[in-house]
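Q:
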Amino acid sequence: MTKRSARPQAGKPVAQAAPLELGIELIAARPNLYIGIVGTLVLQEGTSFRLAPFAREFIREIRNRFHLIFLSKLSTAAAKEVSELLEAEFEIGSYRKGLGKVSGIDFSRPFLWIDQAPSSRDLMRLAEERCSSHLITVNGRDGVTRGTLTKVEFCLDDLMIQR
Numbered sequence: 002m003t004k005r006s007a008r009p010q011a012g013k014p015v016a017q018a019a020p021l022e023l024g025i026e027l028i029a030a031r032p033n034l035y036i037g038i039v040g041t042l043v044l045q046e047g048t049s050f051r052l053a054p055f056a057r058e059f060i061r062e063i064r065n066r067f068h069l070i071f072l073s074k075l076s077t078a079a080a081k082e083v084s085e086l087l088e089a090e091f092e093i094g095s096y097r098k099g100l101g102k103v104s105g106i107d108f109s110r111p112f113l114w115i116d117q118a119p120s121s122r123d124l125m126r127l128a129e130e131r132c133s134s135h136l137i138t139v140n141g142r143d144g145v146t147r148g149t150l151t152k153v154e155f156c157l158d159d160l161m162i163q164r
């Protein structure tokens, strides 16, 4: 493979990467962060919901380091509302209910998954894929906390080393 000179030649424009292409490359370079909504970012109190106390700060800290994907039973409209409250872009992931949330995870890419109540089926599939360490569980009464952020940062370092 030959290396091209970065110096422009007289009368010839220098080729530059299109911004859209660069954006796609940056997204592809970030690991996926799959995250549940209820019990993780939003806490349920009877029939009402509220953001977890640390949710906004948590998302502010991680949103530029991950491709964010919701894995939730909530409707798309409700998930979009949570996304707006958190002021972050989330992809709305899909999964097959009979197979569990883990069926919505792309195992071919580096990822972490944050959830408050993964099913036994989800846990077995993660073990089969040798990805149990990619799951971070949270207490559904508190949602994400500073401790969750510390775990995510620690795991992110490991994900980058594995690449």
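If you're matching positions, the sequence shown starts at 2 in the working numbering and goes up one per residue. Virtual Cβ for every residue (Gly too), placed ideally from N, Cα, C. Everything numeric in this text was worked out from a predicted model, so none of it was measured.
(1) Along the chain, which unbroken stretches of the alpha helix (DSSP H) at least 4 residues long are found entirely within the region 96-141?
(2) Scan the region 30-68 and note each continuous beta strand (DSSP E) run of 3 residues or more that stays entirely inside, going in chain order.
(3) Is it buried or exposed for A128, if we count other Cβ within 10 angstroms and need 16 for buried?
(4) DSSP has E92 in a bridge; who is on the other side?
(5) In three-state terms, what does DSSP make of T149?
(6) So, at 7 Å on beta carbons, what are the nonlocal neighbours of V153 in its own chain, with the 5 sequence-adjacent residues on each side left out?
(7) Can you tell me whether P54 is buried or exposed, with buried defined as 16 or more other CB within 10 angstroms of its CB?
(8) Mark L100 as exposed unless 16 or more other C-beta atoms lie within 10 angstroms of its C-beta, in which case mark it buried.
(9) Would you check if there are 3 or more beta carbon pairs closer than 8 Å linking the region 86-97 to the region 142-159?
(10) Let me know the secondary structure DSSP gives L75 once reduced to three states.
(11) Residues in the same chain with beta-carbon distance under 8 Å from Q117, minus the five sequence neighbours each way, listed in chain order, please.
(12) Classify L86 as helix, strand or coil using the three-state DSSP reduction.
(13) Buried or exposed: N33, going by 16 or more other Cβ atoms within 10 Å of its Cβ?
(14) Between P111, L75, I60, H68, which lies nearest to E88 when the distance is taken from Cα to Cα?
A: Let me lay it out:
(1) The region 96-141 is shown to contain whole alpha helix (DSSP H) runs of 4 or more residues at 121-129, in chain order.
(2) Fully enclosed beta strand (DSSP E) runs of 3 or longer: 33-36, 43-46, 49-52.
(3) Here residue 128 refers to the residue found at position 127 when the sequence shown is read from its first residue. A128 should be labelled exposed.
(4) Here residue 92 refers to the residue found at position 91 when the sequence shown is read from its first residue. Bridge partners of E92: I70.
(5) By one-based count along the sequence shown, residue 149 stands at place 148. Three-state DSSP puts T149 in a helix.
(6) Here the question's residue 153 lines up with position 152 in the sequence shown. Taking V153 as the centre and dropping the five residues before and after it, the same chain places the C-beta of I63, L113, I137 closer than 7 Å to its C-beta, in chain order.
(7) The residue labelled residue 54 in the question sits at position 53 within the sequence shown. Around the beta-carbon of P54, fewer than 16 other beta-carbon atoms lie within 10 Å, marking it exposed.
(8) Position 99 of the sequence shown, counting from 1, holds the residue named residue 100. It counts as exposed.
(9) Counting Cβ pairs under 8 Å, fewer than three are found: no touch.
(10) Here residue 75 refers to the residue found at position 74 when the sequence shown is read from its first residue. Coil, per DSSP.
(11) Looking up residue 117 in the sequence shown gives position 116. Excluding sequence neighbours, Q117 sits near G37, V39, G40, T41, T138, V139, N140, G141, G144.
(12) In the sequence shown, residue 86 corresponds to position 85, counting from 1. Here L86 sits in helix by DSSP.
(13) Residue mapping note: residue 33 aligns to position 32 of the sequence shown, counting from 1. A buried status is given to N33, since no fewer than 16 other beta-carbon atoms sit within 10 Å of its beta-carbon.
(14) On the sequence shown, position 87 is the one that residue 88 refers to. Out of P111, L75, I60, H68, I60 has the C-alpha closest to the C-alpha of E88.
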